[in-house]
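Asker: Sharing a structure here in structure tokens format.
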């Protein structure tokens, strides 16, 4: 299901609130292939770490969410992020 910019912002912030930690404990990125970006490029452990991704309508919409998360909410960017219409969020080493 493709989500609006506001829906994605809300869901990502809800995820951070639900699973805890400071914004600085999380990473956010953009990709066309979110599973690859998460599990291969950023070495997120699918079973141990906390992660999610949300599809935006366009790459521009995904960049808008990314800028909000990094500039307004101060979530650090993922080490490996690119272009695409999916926004992903993760926290490594979660209990």
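Residue numbers (the numbering used here): 1102 to 1196. Ideal Cβ positions, reconstructed from N, Cα and C, are used throughout, including at glycine. As the structure is a prediction and not an experimental result, all values here were calculated from the model.
1) In chain order, which beta strand (DSSP E) runs of at least 3 residues are fully inside the region 1144-1176?
2) Return the bridge partner residues of residue 1192 from the DSSP annotation.
3) Output the distance between the C-alpha atoms of residue 1143 and residue 1181, rounded to the nearest integer angstrom.
4) Assuming residue 1192 and residue 1151 are in contact, meaning their beta carbons sit under 8 Å apart, how far apart are those beta carbons, in whole angstroms?
5) Assuming the contact rule is C-beta atoms closer than 8 Å, residue 1104 and residue 1157 should be a hit. Round their C-beta distance to whole Å, please.
Answerer: Short version:
1) Taken in chain order, the complete beta strand (DSSP E) segments of 3 residues or longer contained in the region 1144-1176 are 1151-1156.
2) 1151
3) 6 Å
4) 5 Å
5) 7 Å
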